[in-house]
Amino acid sequence: MNWQEVSGNWVYIPQHPKAIVHFLGGAFVATAPQVTYRLLLEHLGSQGYAVIATPFVNTLDHSAIAKDVLYKFDRTLDELRTANKLKSRYLPIYGIGHSMGCKLHLLIGSLFPVDRAGNILISFNNYTASEAIPFVQQFNFNPALNIEFTPSPRETKQIIYRGYQVRRNLLVKFNNDTIDQTTPLTDLLQKRFPDMVSALTLPGNHLTPLGQDLRWQSGKDFSPFDAIGQWVKQEIFREFNQLKSVILRWLNPLSPP
0 MNWQEVSGNW VYIPQHPKAI VHFLGGAFVA TAPQVTYRLL LEHLGSQGYA VIATPFVNTL
60 DHSAIAKDVL YKFDRTLDEL RTANKLKSRY LPIYGIGHSM GCKLHLLIGS LFPVDRAGNI
120 LISFNNYTAS EAIPFVQQFN FNPALNIEFT PSPRETKQII YRGYQVRRNL LVKFNNDTID
180 QTTPLTDLLQ KRFPDMVSAL TLPGNHLTPL GQDLRWQSGK DFSPFDAIGQ WVKQEIFREF
240 NQLKSVILRW LNPLSPP
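Under numbering that gives the first Met the number 0, the first residue of the sequence shown is numbered 0, with each subsequent residue one higher.
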């Protein structure tokens, strides 16, 4: 399997896919998800999931981004079906989002009539523009002008509470993530869909889903620094591998551990 660019999306399709994953990444790493999230997405592909990863550029209008990424996803899905690259006409579709990608999936599931078997929301955050982009205030020369995301954090909560239609959800947070806001989202979704929302706390931090390979090169003689480097690499991949296992187990609860 190799990555292909199809109608503005990056796709990774196994020979006999059993489901489709629509992936949306974090704000500053979403422009090339096939690179920044390669290890995670290719692992999903190796387990039989067709991956459609939609790149996007962050702006203040998150509703417009959500509409655009959904349009690109639907267009790519139609093109893949027309080209017979997805043999089955019906495959369940799961959304997976990381950080800002969570907000986009929540907006998509609230504002548009989509068919989703479930969503996996990893490291959700819903900050104001000034909190998410500190330099915004530095260039806001007019104090009366309030620069904010659309929808704002408060409006986002209201939109989700009133309109979110995806019943089955897995929410994942990491124990060393200082910008995570998964807990209030869990409370919100569990009020809307009791017994259909699962939440887990895993070891790791906000960057764990990226799972980038640390290529530590040992010197000619194995030194204490090499030992530390190998230990750090093992710890990072232990956290990353645990995340992969949790995702696959939730996608297919009947699969062997």
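A virtual CB, placed ideally from N, CA and C, is assigned to each residue, including glycine.
Remember, predicted model here, so these are calculated numbers, not experimental data.
Put Ile246 into one of helix, strand or coil per three-state DSSP. In the structure shown, Ile246 sits in a helix (DSSP, three-state: H, G or I).
Among Phe27, Ala26 and Leu38, whose alpha-carbon lies nearest the alpha-carbon of Phe236? Leu38
When you compare each of Ser62, Cys101, Leu169 and Val34 to Phe148 by their alpha carbons, which one comes out closest? Checking every option, the nearest Cα to that of Phe148 belongs to Ser62.
Compare the beta carbon distance of Gln189 and Asn124 with 8 Å and say whether it is the shorter of the two. no
From what residue to what residue does the alpha helix (DSSP H) around Phe72 run? His61 to Thr81
Where Ala52 and Phe192 are concerned, what is the direct C-alpha to C-alpha distance, given to the nearest angstrom? 27 Å
For the alpha helix (DSSP H) holding His104, just list the boundary residues, first then last. Met99 to Leu110
Considering only the beta carbon of each residue, do Trp326 and Ile119 sit closer than 8 Å? In this structure the chain extends from 0 to 256, so residue 326 is not present and cannot be described.
Does the Cβ-Cβ distance between Gly24 and Gly100 come in under 8 Å? Taking 8 Å as the Cβ cut-off, Gly24 and Gly100 qualify as a contacting pair.
When the distance is taken between beta carbons, is Ser98 closer than 8 Å to Ala26? yes
Cα-Cα, which of Glu238, Asn168, Asn145 and His21 is closest to Leu206? The residue with the shortest Cα to Cα distance from Leu206 is Glu238.
Tell me which same chain residues have a C-beta within less than 8 Å of the C-beta of Ser201, skipping the five on either side of it? Per the sequence presented here, residue 201 reads as Leu, with Ser not at that position. Val171, Lys172, Phe173, Asn174, Thr207, Glu238, Gln241, Leu242 and Val245, listed in sequence order.
In its own chain, which residues sit with a C-beta less than 6 Å from the C-beta of Arg74, not counting the 5 before and 5 after it? Ser6
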